[in-house]
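Working notes for the structure below.
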Amino acid sequence: MQLQGNTHVYGNNIDTDRIIPGKYTKTLDTSQLAAHVLEDLDPKFKENVKEGDIIVADNNFGCGSSREQAPLALKSAGISIVIARSFARIFFRNAINIGLPVIEVPDHHIEKGDIVEVDLSEGIVFNLTRNEKYYGTTMPLVMIDILQEGGLISYLKKNKDYIL
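Next comes the structure, spelled out in structure tokens:
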């Protein structure tokens, strides 16, 4: 699974309230989530994000709460993958469950506006802007299958005969 896009870069401890403020989490309308994603952290994000863009962060991305709306808001805004040095475990799993690719890359030098390509199966990130390669964690095949199906529910529906 390969993804390529323009980067939006953030720091450490970006919590779920910064990703999507709690006052917007009472809706099932994903366009409303997308309209308010990262608005407190980066008020210009909504204006600048394009379909296929990539979020890059430092440590502990998605900490704070177990709200599934955080990765859903990012995905709904067009984010194709989140790269971070580390993730809060519940955010990582919620992202996979809703079909948003994520990869931990402990040592990267990605800056805002860099164009990167991610080979999720191999755990490799190519910074095309800087001609650098970074190594991240490789994702288990079952998680890649879940992502390719668009999330856990779609995966389980497709594979219901095999999961008993």
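The sequence shown begins at 1 in the UniProt record's numbering and counts up by one. Each residue gets a CB set at the ideal place from its N, CA and C atoms; glycine is no exception. From a predicted model like this one, the values you see are computed outputs, not experimental measurements.
query                                                                                                   : result
Three-state class that DSSP yields for N6 in the structure shown                                        : strand
Simplified DSSP state of K26, which is helix, strand or coil                                            : coil
Extent of the continuous alpha helix (DSSP H) to which N48 belongs                                      : F45 to N48
Collapsed DSSP secondary structure at I14 in the structure displayed                                    : coil
Nearest-angstrom Cα separation, counted from P43 out to G22                                             : 16 Å
Under the three-state DSSP convention, the category D145 falls into                                     : helix
Classification of Y135 by the beta-carbon crowding that lies within 10 angstroms, buried from 16 upward : exposed
Reference H8, options G113, A70 and L33, closest by Cα                                                  : G113
Proximal residues to K133 (C-beta, below 8 Å), its chain only, five neighbours per side dropped         : I124, V125, F126 and N127
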